[in-house]
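Undergrad:
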Amino acid sequence: MIEAVSSYRVFLVIFTSLNSIYLVESDKKLQCPPASNFIDNYTQFFICKRSIGKDQPVIYAVQTENLETSMITSSPLIVVIGDMFDTTTPLNDPIVKAYLFRGSDNIVYVQHLLTFQKIYCPFSYTQIIAQTLNDFLLKIYSINSKVTPNNTHLIGLGMGAVIAGQAALDIPHVKFNRLTGLDPTLFFSSIPSDPYVYPLRPSLTDFTDVYHTNVGMIGRFDIMGDVDIYFNNDVQMPGCNKSNLCSHKKAAEYYAEAVYSLQGMWGIPCYAEVALHFHLNQNILCKFCSNINDMVLVGEYMSYNLRGAFKVLTNSEPPYTNGKFIKILYI
Numbered sequence: 001m002i003e004a005v006s007s008y009r010v011f012l013v014i015f016t017s018l019n020s021i022y023l024v025e026s027d028k029k030l031q032c033p034p035a036s037n038f039i040d041n042y043t044q045f046f047i048c049k050r051s052i053g054k055d056q057p058v059i060y061a062v063q064t065e066n067l068e069t070s071m072i073t074s075s076p077l078i079v080v081i082g083d084m085f086d087t088t089t090p091l092n093d094p095i096v097k098a099y100l101f102r103g104s105d106n107i108v109y110v111q112h113l114l115t116f117q118k119i120y121c122p123f124s125y126t127q128i129i130a131q132t133l134n135d136f137l138l139k140i141y142s143i144n145s146k147v148t149p150n151n152t153h154l155i156g157l158g159m160g161a162v163i164a165g166q167a168a169l170d171i172p173h174v175k176f177n178r179l180t181g182l183d184p185t186l187f188f189s190s191i192p193s194d195p196y197v198y199p200l201r202p203s204l205t206d207f208t209d210v211y212h213t214n215v216g217m218i219g220r221f222d223i224m225g226d227v228d229i230y231f232n233n234d235v236q237m238p239g240c241n242k243s244n245l246c247s248h249k250k251a252a253e254y255y256a257e258a259v260y261s262l263q264g265m266w267g268i269p270c271y272a273e274v275a276l277h278f279h280l281n282q283n284i285l286c287k288f289c290s291n292i293n294d295m296v297l298v299g300e301y302m303s304y305n306l307r308g309a310f311k312v313l314t315n316s317e318p319p320y321t322n323g324k325f326i327k328i329l330y331i
């Protein structure tokens, strides 16, 4: 069992290029309460299933010790990990709703309500939360042998993406099938074996895709997956009126639409660059290097053989994407 620490090192993150990230250790030590104070009480698992003949799906609020065989089917497992301080219920989560609408019947929603006055504290416990998640998943695999890491898809928004990456690093001897990071948070906790590595990277699972909607503010802006999707001008999303939180959460809404949309989400190959002095109004990280004829399907149904960075333009309200036909904006 991993023991939580009550203090951890602070790093200043300096981006000098797309793939060069330097961390300078601060002389400060941040003090946080022991993880044992909240992990068991504030990490909640919900199993979401369709309900035949009823308007509302069936939701089970469970912990590892009271997980029952009847709650799990043999279909692929979708694990949706909520963001920090997010009190969204499973029925209101856009990703959960999208998969239920599509007909998925094996959905786990992970909620971690870390209510600290000091905002940096939750980030120091991502490894503990990831282990709690893995314990829960290993119990699922033990009660239904047809559900395995090989058909498990982890999806995390913000801090949830960090937890998903940590869980993928820590699961013993196997890889998850897919990890989808939705605007992964700019903050992160250190990994004991390598404190300088962000726990989300290409080939971490069989396929890793990352979606950027609020780069440099709440979300990261560097290449992190086998495929990275950058939306609009990368920082402020249409319809958000300069709200960083709104732009951050758009990543989940865009991906959810890609799950159930008949038109699909289409991206244009682009080259991604990170300026040394990033300025919101002067730099667009992912610029077009192609034309509309080179558009490829991205999102939920993209090919696992796809690699690189892609630009997606959206509308300010649903439907966010217009299928394969879009008006090209030269940026």
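Going by UniProt numbering, the sequence shown opens with residue 1, and the numbers climb by one from there.
Idealized CB from N, CA, C, for every residue including glycine.
1) Within the same chain, show all residues whose beta-carbon is closer than 7 Å to that of K311, passing over the 5 residues directly before and after it, in chain order.
2) Going by DSSP, what residue range makes up the beta strand (DSSP E) through I136?
3) Quick one: Cα of I155 to Cα of I78, how far?
4) Tell me whether I52 sits in a helix, a strand or coil according to DSSP, three-state version.
5) Excluding the 5 residues preceding and the 5 following residue 402 in the sequence, name in chain order all residues of the same chain whose CB lies nearer than 6 Å to its CB.
6) Using a Cβ distance threshold of 8 Å, determine whether the region 48-58 contacts the region 125-133, with at least three qualifying pairs required.
7) Which of helix, strand or coil does DSSP assign to T89?
8) Report the residue from Y60, F207, Q111 whose alpha carbon sits nearest the alpha carbon of S303.
9) Does DSSP classify F101 as helix, strand or coil?
10) Quickly, what does DSSP pair L45 with across the bridge? List them, please.
11) Who are the near neighbours of C246 in its chain, counting only those whose CB is closer than 6 Å to its CB and skipping five residues on each side?
12) So the beta strand (DSSP E) I229 belongs to, where does it begin and stop?
13) Figure out for me which residue from T43, L313, M224 has the closest Cα to the Cα of M265.
14) By DSSP's criteria, H153 is part of a beta bridge. Which residues make up the other side?
15) Quick check: what's the CA-CA separation for Y198 versus L179?
16) Would you check if the distance between the CB atom of G299 and the CB atom of A258 is smaller than 8 Å?
17) My assumption, with CB atoms under 8 Å, is that G82 sits in contact with H112. Please give the rounded CB distance.
18) Quick one: Cα of G308 to Cα of A251, how far?
19) CB T205 to CB F176, shorter than 8 Å?
20) Ends of the beta strand (DSSP E) at L67?
21) Can you name, in chain order, every residue of its own chain whose Cβ lies under 6 Å from the Cβ of D105, other than the five neighbours on each side?
22) For N150, which residues of its own chain have a beta-carbon under 6 Å away from its beta-carbon, when the five flanking residues on both sides are left out?
23) Going along the chain, which residues of its own chain have a beta-carbon closer than 6 Å to the beta-carbon of Q166, five neighbours each way excluded?
24) Using DSSP with H/G/I as helix, E/B as strand and the rest coil, what is residue 419?
25) Quick check: the Cα distance between K28 and D86, rounded to an integer number of angstroms?
26) Any idea what DSSP makes of D294, helix, strand or coil?
27) So, for D228: in the same chain, excluding its five sequence neighbours on each side, which residues have a beta-carbon less than 6 Å away from its beta-carbon?
28) Check the DSSP bridge columns for G158 and list the partner residues they point to.
29) G239 by DSSP, collapsed to three states: which one?
30) Note down, in chain order, each residue of its chain lying with its Cβ closer than 6 Å to the Cβ of Y320, except the 5 sequence neighbours on either side.
31) Roughly how many whole angstroms lie between the Cα atoms of E317 and P238?
TA: Looking at the atomic coordinates:
1) Y230, G267, I268, C270, C286, F288
2) One point to set straight first is that residue 136 is Phe, not Ile, in the sequence displayed. It is not in any beta strand (DSSP E) - F136 instead sits in the alpha helix (DSSP H) that spans 126-143.
3) 8 Å
4) coil
5) Outside the shown range of the chain, which is 1 to 331, sits residue 402, and nothing can be said about it.
6) no
7) coil
8) F207
9) helix
10) The residue asked about is misnamed: residue 45 is Phe in this sequence, not Leu. Bridge partners of F45: V62, V110.
11) C240
12) 227-231
13) L313
14) I78, R178
15) 14 Å
16) yes
17) 7 Å
18) 18 Å
19) yes
20) Element bounds for L67: n/a, residue is neither H nor E.
21) K49, R50, T73, S75
22) N177
23) T126, Q127, A130, P199
24) Residue 419 falls outside the range modelled here, since the chain spans only 1 to 331, and no answer is possible.
25) Since pLDDT at K28 reaches only 47, below the 50 mark, its modelled position is unreliable, and no value is offered.
26) helix
27) V210, A309
28) DSSP output for G158 lists no bridge partner at all.
29) coil
30) Y254, E257, T314
31) 8 Å
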